[in-house]
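Residue numbers for the sequence shown follow our numbering, beginning at 399 and rising by one.
Inspection log for the structure reproduced underneath, given as structure tokens.
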Amino acid sequence: MSAVLAGTERDGATAATPALAVEGLEVAYRTRGQELAVLRGVSFSIAPGESFGLVGESGCGKSTAALAALGALPRNGRVRAGSIRIGGEDLARLDAGALRRLRARRVSMVYQDASRALNPALTIGVQLREAFELLGITGAAAGARSREALDQVRIAAPGRVLAAYPHELSGGMLQRVVIAMALAKDPALLVLDEPTTALDATVEAEVLDLIATLRAVHGTSVL
């Protein structure tokens, strides 16, 4: 766990209010007519600007904890006990609309397989512009912001990447694109679900360094 960035305050999270607070979390999945607990008694807190890692063997529930923290469990999963607060807001008290708005404004997630987060039939440019259009940024401004976003994640030829389709890019490049999309709304909390699993050691180190740099620049909390 890295040190907290001094003086960082983001939407809903102050030095006294964690960006994410999970307490006594218990999650169960219903399968074959039975409900099986997969997480019990999970508690952690992430301060504004802090990076926090969940460590464990494959299948131990790291991804489930991340999805639960976003209120995004699959249909057969549910939180049986505990509390989850994002910027002080209790997810259990939010209706579906309020939860969508909270995620749209303040939280982004980057998944293990970047290619699954992208539409194979659309260019990177179209998809990045859509991310900004959702924020009310349109036309030439959305195009300019898309190029800036790729510059920010250290893509040397943003014009070429914007014109490319997902299958034309390497795994490391796709992951950078997805990170750029995730940061488009300047989220207070960025959740990363093992984003370097499919990358080789060199690219993995580059992506982790990039995330650390962006966290320092934006004051984003990272899980």
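Using N, Cα and C, we set each Cβ at its ideal position, and we do this for glycine too.
Since the structure is predicted, the reported quantities are computational estimates derived from the model, not experimental observations.
Q. If you draw a straight line from the C-alpha of V589 to the C-alpha of V505, how long is it?
A. Taking the first residue of the sequence shown as 1, we reach residue 589 at position 191. Taking the first residue of the sequence shown as 1, we reach residue 505 at position 107. Taking the straight line from one Cα to the other gives about 8 Å.
(Q) Only counting the same chain, and skipping five residues up and downstream in sequence, which positions put a Cβ closer than 7 Å to that of A562? (A) Translated into positions along the sequence shown, residue 562 becomes position 164. So the qualifying residues of the chain are T521 and I522.
Q. What is the C-beta distance between A466 and V477, in whole angstroms, given that I count them as a contact (C-beta under 8 Å)?
A. Along the sequence shown, one-based indexing puts residue 466 at 68. Along the sequence shown, one-based indexing puts residue 477 at 79. A466 to V477, Cβ: 6 Å. Contact.
Q) What runs of the alpha helix (DSSP H), each 4 residues or longer, lie entirely inside the stretch 505-559? A) 522-531 and 537-550
Q) Roughly how many angstroms separate the alpha carbons of A555 and D549, rounded to a whole number? A) For the purposes of this step, residue 555 is taken as the residue at position 157 of the sequence shown. For the purposes of this step, residue 549 is taken as the residue at position 151 of the sequence shown. Rounded to the nearest angstrom, the two C-alpha atoms are 8 Å apart.
Q: Could you check how far apart the C-beta atoms of L418 and L560 are, in whole angstroms? I think they sit under 8 Å.
A: Here residue 418 refers to the residue found at position 20 when the sequence shown is read from its first residue. Here residue 560 refers to the residue found at position 162 when the sequence shown is read from its first residue. About 32 Å; that fails the 8 Å criterion.
(Q) Would you say A494 lies against chain C (beta-carbon separation less than 7 Å)? (A) Of the chains in the structure shown, none is chain C; there is only one protein chain.
Q: Scan the stretch 432-499 and note each continuous beta strand (DSSP E) run of 3 residues or more that stays entirely inside, going in chain order.
A: 432-444 and 475-484
Q | Integer Cβ distance of V508 from P593, believed to fall under 8 Å | A | Along the sequence shown, read from residue 1 onward, the residue named residue 508 stands at position 110. Along the sequence shown, read from residue 1 onward, the residue named residue 593 stands at position 195. About 5 Å separates the two Cβ atoms, so the contact holds.
Q) Whose CA, out of S443, V575, L471 and I484, lies closest to the CA of A529? A) Sequence index remark: in the sequence shown, residue 529 carries index 131 (1-based). Per the Cα distances, V575.
Q: Within its chain, find whatever has a CB closer than 6 Å to the CB of I482; leave out the 5 residues flanking it on each side and keep chain order.
A: Within the sequence shown, numbered from 1, the residue matching residue 482 stands at position 84. So the list reads V420, A467 and L489, once near-sequence residues are dropped.
Q. Under a three-way DSSP split, which group does T594 fall into?
A. Here residue 594 refers to the residue found at position 196 when the sequence shown is read from its first residue. Residue state, collapsed to three classes: coil.
Q. For P518, which residues from the same chain have a beta carbon less than 7 Å from its beta carbon, with the 5 sequence-adjacent residues on both sides left out?
A. Taking the sequence shown and counting its residues from 1, the one referred to as residue 518 is at position 120. Same-chain partners within the cutoff: Y563, P564 and H565.
Q) Per DSSP, S619 forms a beta bridge with which residues? A) One-based indexing of the sequence shown puts residue 619 at position 221. Note: S619 sits in a beta bridge opposite L587.
Q: Please classify R430: does DSSP put it in a helix, a strand, or coil?
A: Here residue 430 corresponds to residue number 32 of the sequence shown, with the count starting at 1. Here R430 sits in coil by DSSP.
(Q) For E531 and A582, I'd like the C-alpha separation in whole angstroms. (A) In the sequence shown, residue 531 corresponds to position 133, counting from 1. In the sequence shown, residue 582 corresponds to position 184, counting from 1. If you take the alpha carbons of E531 and A582, they lie about 10 Å apart.
Q | G541 versus L434: straight-line alpha-carbon distance, rounded | A | The residue labelled residue 541 in the question sits at position 143 within the sequence shown. The residue labelled residue 434 in the question sits at position 36 within the sequence shown. Spanning the two alpha carbons is a distance of roughly 47 Å.
Q. So P585 and T611 are in contact, right, with Cβ under 8 Å, and what is the actual spacing, rounded?
A. Locating residue 585 in the sequence shown gives position 187, where the first residue counts as 1. Locating residue 611 in the sequence shown gives position 213, where the first residue counts as 1. Actually they are not in contact, since the Cβ atoms of P585 and T611 sit about 16 Å apart, beyond 8 Å.
Q: Give the range of the alpha helix (DSSP H) segment to which L572 is assigned.
A: Along the sequence shown, one-based indexing puts residue 572 at 174. Segment G569 to A580, the alpha helix (DSSP H) holding L572.
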